[in-house]
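K.L.:
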Amino acid sequence: MAKTIIIGAGGQIGTELTLTLRNTHGKEQIIAADIKTHAPPLIEDGPYVQMDILDRDSVRNYIIDHRVETVYLLAALLSATAEKNPDFAWKLNMDGLFTILDLAKEGYVKKIFWPSSIAVFGPTTPADQTPQHTIMEPSTVYGISKQAGERWCEYYYNKFGVDVRSIRYPGLISYKSPPGGGTTDYAVDIFYKAKASGKFTCFLSKDTALPMMFMDDAIRATIQLMDAPADRLRIRSAYNLGGISFTPEEIAASIRKQLPEFEITYEPDFRQAIADSWPNSINDSYAVSDWDWNLEFDLARMTHEMLKNIP
Ligand code: NAD
Ligand code: AKB
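1156 is the number of the first residue of the sequence shown in our numbering; add one for each residue after it.
(1) Looking at the secondary structure, which residues open and close the beta strand (DSSP E) in which Val1226 lies?
(2) Taking the alpha-carbon positions, what's the Val1226 to Ile1185 distance?
(3) Evaluate contact between the segment 1259-1267 and the segment 1189-1201, counting only Cβ atoms and requiring at least three cross-stretch pairs below 8 Å.
(4) For Glu1171, does the count of other Cβ atoms within 10 angstroms reach 16, so buried, or fall short, so exposed?
(5) To the nearest angstrom, report how far apart Val1317 and Asp1386 are at their CA atoms.
(6) Pairs of beta-carbons, one from the segment 1216-1225 and one from the segment 1276-1290, closer than 8 Å: are there three or more?
(7) Just list the alpha helix (DSSP H) runs in the segment 1225-1273, keeping only unbroken ones of 4 residues or longer that don't cross its boundaries, in chain order.
(8) Below 8 Å, how does it come out for the segment 1368-1378 and the segment 1414-1425: are there three or more Cβ pairs, yes or no?
(9) Would you be able to state if there are at least three C-beta pairs under 8 Å between the segment 1299-1308 and the segment 1363-1377?
(10) Classify Met1156 as helix, strand or coil using the three-state DSSP reduction.
(11) Which residue's Cα is closest to the Cα of Pro1291: Phe1268, Arg1323, Tyr1203 and Asp1189?
(12) Check the C-beta distance from Gln1167 over to Leu1359 and give it rounded, since I have them as a contact under 8 Å.
(13) Under 9 Å, do Val1204 and Ile1267 count as touching if we go by C-beta distance?
(14) Can the beta-carbon of Leu1233 be found less than 9 Å from the beta-carbon of Pro1334?
(15) Within 10 angstroms of the Cβ of Pro1434, are there 16 or more other Cβ atoms? Answer buried if so, exposed if not.
(16) Suppose only complete runs of 4+ residues qualify. What are the alpha helix (DSSP H) ranges in the segment 1394-1428, listed by chain order?
(17) Bridge partners for Cys1482 per DSSP, in chain order?
(18) Using only alpha-carbon positions, find the residue among Ile1162, Asn1395, Ala1408 and Leu1209 that is nearest to Trp1448.
(19) For the ligand NAD, is there any heavy atom lying closer than 8 Å to the beta carbon of Ile1160?
(20) Taking 8 Å as the cut-off, is the beta-carbon of Ser1212 closer than that to any non-hydrogen atom of the ligand NAD?
(21) Arg1389 to Phe1276, Cα distance in whole Å?
(22) Excluding the 5 residues flanking Ile1337 on each side, which residues of the same chain have their C-beta closer than 7 Å to its C-beta?
(23) In the DSSP assignment, what are the bridge partners of Leu1450?
(24) Along the chain, where does the alpha helix (DSSP H) that runs through Ala1188 open and close?
(25) Look up Arg1389 in the DSSP assignment and say whether it is helix, strand or coil.
(26) Given Ala1349, which residues of its chain have a CB within under 8 Å of its CB, disregarding the five upstream and five downstream residues?
(27) Going along the chain, which unbroken runs of the alpha helix (DSSP H) with 4 or more residues stay wholly within the segment 1268-1350?
(28) For Glu1460 versus Asp1340, is the C-beta spacing smaller than 9 Å?
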């Protein structure tokens, strides 16, 4: 039976995606792969392979030998980490994508999921209810790599019929696996600090609105898009996905409804400029009409889930 591999399975999204796919398709069908030597505890009960996505030959041999037909390619450097190492970020975020797109062009891989981000937008993009098709002049190396990746995905679809699907994820909020170096990471850390000490210092200013989403919704969206009939999909670059838009001040107020003593202070750093270049909110009407997307977690429900599950 054809297999699925998740490359970058040890990260914030990969951990929960692996768990969910194994629950539906069976453990043996879903191979977790990451550059880490050992699988993280949550996913160590199924097949795991240490893999460097930059080792093109090994990745190709593994996928061909194991008859892997569906690839979720999640390995990347995120926005804040990428700014500290732009050359490597460009290499990691682009080279791995070409390895997988080429395997699909050659007919080995049948379906690809490769995530994009709200980082494809930039300071000249309309910031409120950002439409699917709009000005895109990203100012971070991460955003440039995601925008270029989107263009290549669409190109491989148009030229070679490669079935590649993508979402421009907003900032993702989860408690099962920590975030990996993004600008939106504050919105996860705030819950851990609220529970541990009742105090949090935010690296963004209090009125910085960003689109965010609870991980359960993001995983559901990913699987919904992957299961959608190909002839319904009008977008082969990446779909906008809206989520919940809030500022640090608003998420702090939401936490205070359950932890009234919670205090927040603000010390913006280099990530402020990145956040300022991204939209406040996103219009996801294409996802709604093409694959019936609907959001389940608003700010209150997400706050409740996070505080309930963080010790
Ligand atoms: P993460 O940093 O938590 O996880 C990335 C994983 O990739 C890590 O486990 C890391 O060990 C692995 N990895 C790094 N280099 C590798 C290599 N050379 N070979 C194999 N594995 C390697 O990231 P994430 O938050 O899970 O994001 C996954 C994808 O989703 C990325 O493409 C990211 O840009 C995108 N995305 C994430 C968010 C978010 O808020 N988490 C938002 C938008 C887009
Ligand atoms: C980041 O902040 O870099 C990510 C993203 C929105 O792509 N969370």
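Built from N, CA and C at the ideal position, the CB exists for glycine as well.
P.N.:
Taking the definition as stated:
(1) Within the sequence shown, the letter at position 71 stands for residue 1226. That run of the beta strand (DSSP E) goes Val1223 to Leu1228.
(2) Taking the sequence shown and counting its residues from 1, one reaches residue 1226 at position 71. Taking the sequence shown and counting its residues from 1, one reaches residue 1185 at position 30. Using only the alpha carbons, I get a separation of about 10 Å.
(3) In this structure the segment 1259-1267 does not touch the segment 1189-1201; the number of beta carbon pairs closer than 8 Å is below three.
(4) Translated into the one-based positions of the sequence shown, residue 1171 becomes position 16. Of the other Cβ atoms in all chains shown, 16 or more fall within 10 Å of the Cβ of Glu1171; this residue is therefore buried.
(5) Taking the first residue of the sequence shown as 1, we reach residue 1317 at position 162. Taking the first residue of the sequence shown as 1, we reach residue 1386 at position 231. Distance between the alpha carbons of Val1317 and Asp1386: 13 Å.
(6) Touching, no.
(7) Here the runs fully enclosed are 1234-1239 and 1241-1260.
(8) Not touching, per the Cβ criterion.
(9) Touching, no.
(10) Translated into the one-based positions of the sequence shown, residue 1156 becomes position 1. Met1156 sits in coil when the DSSP states are folded into three classes, being neither helix nor strand.
(11) Residue numbering aside, residue 1291 sits at position 136 when the sequence shown is read from its first letter. Correcting the residue type first, residue 1291 is Met in the shown sequence and not Pro. Distances from the CA of Met1291 to each of Phe1268, Arg1323, Tyr1203 and Asp1189 were compared; the closest alpha carbon is that of Arg1323.
(12) In the sequence shown, residue 1167 corresponds to position 12, counting from 1. In the sequence shown, residue 1359 corresponds to position 204, counting from 1. The C-beta distance from Gln1167 to Leu1359 rounds to 19 Å, too long to fall under 8 Å, and the pair is not in contact.
(13) Taking the first residue of the sequence shown as position 1, residue 1204 is located at position 49. Taking the first residue of the sequence shown as position 1, residue 1267 is located at position 112. With respect to the 9 Å criterion, Val1204 and Ile1267 are not classified as neighbours on the basis of their beta carbons.
(14) What you label residue 1233 is simply residue 78 of the sequence shown in a count that begins at 1. What you label residue 1334 is simply residue 179 of the sequence shown in a count that begins at 1. At the C-beta level, Leu1233 and Pro1334 come within 9 Å of one another.
(15) For the purposes of this step, residue 1434 is taken as residue 279 along the sequence shown, with counting starting at 1. When all chains shown are included, Pro1434 counts as buried.
(16) Fully enclosed alpha helix (DSSP H) runs of no fewer than 4 residues occupy 1403-1411 of the segment 1394-1428, in order along the chain.
(17) Lying before the first or after the last residue shown, residue 1482 is absent from the chain, which here runs from 1156 to 1466.
(18) Here the question's residue 1448 lines up with position 293 in the sequence shown. Measuring from the Cα of Trp1448, the nearest candidate turns out to be Asn1395.
(19) Working through the sequence shown from its first residue, we reach residue 1160 at position 5. Because no heavy atom of the ligand NAD lies under 8 Å away, the Cβ of Ile1160 does not count as near it: no.
(20) Counting from 1 along the sequence shown, the entry for residue 1212 is found at position 57. Here the sequence assigns Asp to residue 1212, which means Ser is not the residue at that position. Flag unset: Cβ of Asp1212 not near the ligand NAD.
(21) Counted from its first residue, the sequence shown places residue 1389 at position 234. Counted from its first residue, the sequence shown places residue 1276 at position 121. Their Cα atoms are separated by approximately 20 Å.
(22) Within the sequence shown, the letter at position 182 stands for residue 1337. It is worth fixing the name first, because residue 1337 is Gly in this sequence and not Ile. Taken in chain order, the residues that qualify are Leu1233, Ser1234, Ala1235 and Gly1326.
(23) Looking up residue 1450 in the sequence shown gives position 295. Residue pairing of Leu1450 in beta bridges, as defined by DSSP: absent, with no partner found.
(24) Taking the first residue of the sequence shown as 1, we reach residue 1188 at position 33. Counting along the chain, Ala1188 falls outside any alpha helix (DSSP H), though it belongs to the beta strand (DSSP E) covering Ile1185 to Asp1189.
(25) Residue mapping note: residue 1389 aligns to position 234 of the sequence shown, counting from 1. Secondary structure at Arg1389: coil, using DSSP grouped into helix, strand and coil.
(26) Taking the first residue of the sequence shown as 1, we reach residue 1349 at position 194. The answer, listed in chain order, is Phe1355, Ile1410, Leu1414, Phe1417 and Leu1462.
(27) Runs found: 1296-1315.
(28) The residue labelled residue 1460 in the question sits at position 305 within the sequence shown. The residue labelled residue 1340 in the question sits at position 185 within the sequence shown. Contact flag unset, no.
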